[in-house]
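Novice: In my numbering, the protein residues as written are 322 to 455.
Built from N, CA and C at the ideal position, the CB exists for glycine as well.
Here the structure is a predicted model, which means the values were calculated and not measured.
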Amino acid sequence: MTRIERTGHCLCGAVRFTARGEPKWVAHCHCESCRRATSAGFATYVGYRADAVAWTGEAPRQYHSSPGVTRSFCGNCGSPMSFAGDRWPGEIHLFAASFDAPGALKPDAHVYVEEQLPWVRLDDGLPRIEKNPQ
Ligand SMILES: [Zn+2]
Ligand SMILES: [Zn+2]
Numbered sequence: 322m323t324r325i326e327r328t329g330h331c332l333c334g335a336v337r338f339t340a341r342g343e344p345k346w347v348a349h350c351h352c353e354s355c356r357r358a359t360s361a362g363f364a365t366y367v368g369y370r371a372d373a374v375a376w377t378g379e380a381p382r383q384y385h386s387s388p389g390v391t392r393s394f395c396g397n398c399g400s401p402m403s404f405a406g407d408r409w410p411g412e413i414h415l416f417a418a419s420f421d422a423p424g425a426l427k428p429d430a431h432v433y434v435e436e437q438l439p440w441v442r443l444d445d446g447l448p449r450i451e452k453n454p455q
């Protein structure tokens with residue numbers, strides 16, 4: 322049996338990760354917090370069991386963006402690296418864009434679309450969820 326393993330890294334390459342197995346889900350988040358955390362129109366997350374992801378290279382720095390929410394980033398280049406929240410126990414959410422092969426990931430849905438920016442136009446036919454994906 323072949324074990325799937327995906328790798329990724331921040332912009333400068335100091336922070337690296339390896340994710341084992343298939344992700345639990347892949348979703349585009351349109352909420353304001355994720356837009357601010359990434360300075361982007363929306364953020365595409367890849368959800369894994371926390372124990373399936375190993376940091377290699379430098380450990381990312383952590384920041385609590387709201388109670389129960391931990392975001393991490395590269396202390397050198399500032400690339401956002403992960404999200405973990407009490408509402409998703411045992412999970413870590415990586416960013417699709419930091420994978421070495423982001424094109425191989427298949428998004429499942431859009432979440433928090435009630436906060437989607439009016440100039441973001443997406444016609445991918447994926448499910449659109451108003452708020453929380455769960
Ligand atoms: Zn970096
Ligand atoms: Zn969000």
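Enumerated in chain order, which unbroken segments of the beta strand (DSSP E) with a length of 3 residues or greater are wholly contained in the stretch 337-421?
Specialist: For the stretch 337-421, whole beta strand (DSSP E) runs of length 3 or above, ordered along the chain, are 346-350, 364-370, 374-378, 382-387, 390-394, 401-406, 412-416.
Novice: Let me know if T339 comes out buried or exposed under the rule of 16 or more other beta-carbons within 10 Å of its beta-carbon.
Specialist: Exposed, because fewer than 16 other Cβ atoms sit within 10 Å of the Cβ of T339.
Novice: State buried or exposed for C398, treating a residue as buried only when at least 16 other CB atoms are found within 10 Å of its CB.
Specialist: Exposed, by the Cβ-count rule.
Novice: Judging by CA-CA distance, which residue of R370, G362, V347 is the nearest neighbour of S354?
Specialist: Among R370, G362, V347, the Cα nearest to that of S354 is on G362.
Novice: Taking the alpha-carbon positions, what's the Y369 to L415 distance?
Specialist: If I take the Cα positions, the gap works out to 8 Å.
Novice: Among the residues of its own chain, which have a CB less than 7 Å from the CB of C350, if the five just before and after it don't count?
Specialist: Closer than 7 Å at Cβ, skipping near neighbours: F363, A364, Y366, V432, Y433.
Novice: Taking the DSSP output, what are the residues bridged to A430?
Specialist: Partner(s): A348.
Novice: Can you check whether the CB of G378 is closer than 8 Å to the CB of V336?
Specialist: Yes, the Cβ-Cβ distance between V336 and G378 is below 8 Å.
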